[in-house]
Amino acid sequence: MTGQNVDRDRFWMAQALALARRAFDEGEVPVGAVIVREDVCIAEAYNLREHSRSPIAHAEMLAIQEASKTIGNWRFTDTTLYVTLEPCAMCAGAIVLARIPKVVYAANDPKAGAAGTLYNILQDERLNHRVEIVSGVFADESSALLKSFFQQRRRPPDK
19 MTGQNVDRDR FWMAQALALA RRAFDEGEVP VGAVIVREDV CIAEAYNLRE HSRSPIAHAE
79 MLAIQEASKT IGNWRFTDTT LYVTLEPCAM CAGAIVLARI PKVVYAANDP KAGAAGTLYN
139 ILQDERLNHR VEIVSGVFAD ESSALLKSFF QQRRRPPDK
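Per this note's numbering, the sequence shown starts with residue 19, numbered consecutively.
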């Protein structure tokens with residue numbers, strides 16, 4: 019990968035991390051997602067499962083919905099999705115269906131990862147679309163944010 023691609027990936031992942039921090043501040047699992055086309059953000063989102071009371075309000079799903087409204091199409095053939103946590107099976111399925119050609123994610127998800135950790139839906143040769151995967155961009159920062167969030171959730175309430 020060239021230095022320019024690494025710099026671009028770091029730039030956009032920093033944007034996704036900023037969104038993850040907003041999710042954290044709102045009591046949501048801190049995951050942020052940005053969809054980029056021709057080096058312009060066309061959609062961004064962060065997890066809203068608690069606020070929306072919806073199991074599908076993952077950052078990736080919300081960003082995909084926003085991007086389809088922005089571009090007026092369901093095919094994202096010239097985009098990159100940046101997300102702070104490896105996509106789950108639901109999100110990976112939506113990524114494949116949206117024809118997103120590249121996903122860059124920060125931290126692996128050992129409990130639900132579907133981009134190579136538990137499953138590899140994004141590159142399953144039985145499907146009609148396969149996705150280029152870049153992992154580990156700001157992985158330590160994303161992992162630390164997730165760990166901090168779950169440590170706070172498990173801490174007994176102050177008396």
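Ideal Cβ placement from N, Cα and C applies to all residues, glycine included.
Count the other CB atoms, across all protein chains shown, that sit within 10 Å of the CB of residue i; report buried if there are 16 or more and exposed otherwise.
i	result
T97	buried
F94	buried
N146	exposed
F168	exposed
E44	exposed
A34	buried
S166	exposed
V24	exposed
V58	exposed
Looking at the structure shown, is residue i part of a helix, part of a strand, or coil, going by DSSP?
i	result
K120	strand
A36	helix
T95	coil
G50	strand
S153	strand
I113	helix
I89	helix
R28	helix
N146	coil
N126	coil
L103	strand
R172	helix
R67	helix
I60	strand
Residue i to residue j, Cα distance in whole Å?
i	j	result
R26	A77	20 Å
F42	D142	32 Å
V149	A133	9 Å
E56	F29	14 Å
Y154	V49	Reading off the sequence shown, one finds Gly at residue 154, where the question assumed Tyr. Answer to the nearest angstrom: the Cα atoms are 14 Å apart.
A75	N65	6 Å
Y100	A38	12 Å
Tell me, to the nearest whole angstrom, how far the beta carbon of residue i is from that of residue j; I am working on the premise that it is less than 8 Å.
i	j	result
C106	A81	The pair is not a contact, with the Cβ atoms about 14 Å apart (cut-off 8 Å).
A61	A85	4 Å
Please decide whether residue i counts as near chain D, where near means a Cβ-Cβ distance under 8 Å.
i	result
E78	Absent from the structure: chain D. Only one protein chain is present.
inquiry  = Below 8 Å, how does it come out for the stretch 58-78 and the stretch 123-139: are there three or more Cβ pairs, yes or no?
reply    = no
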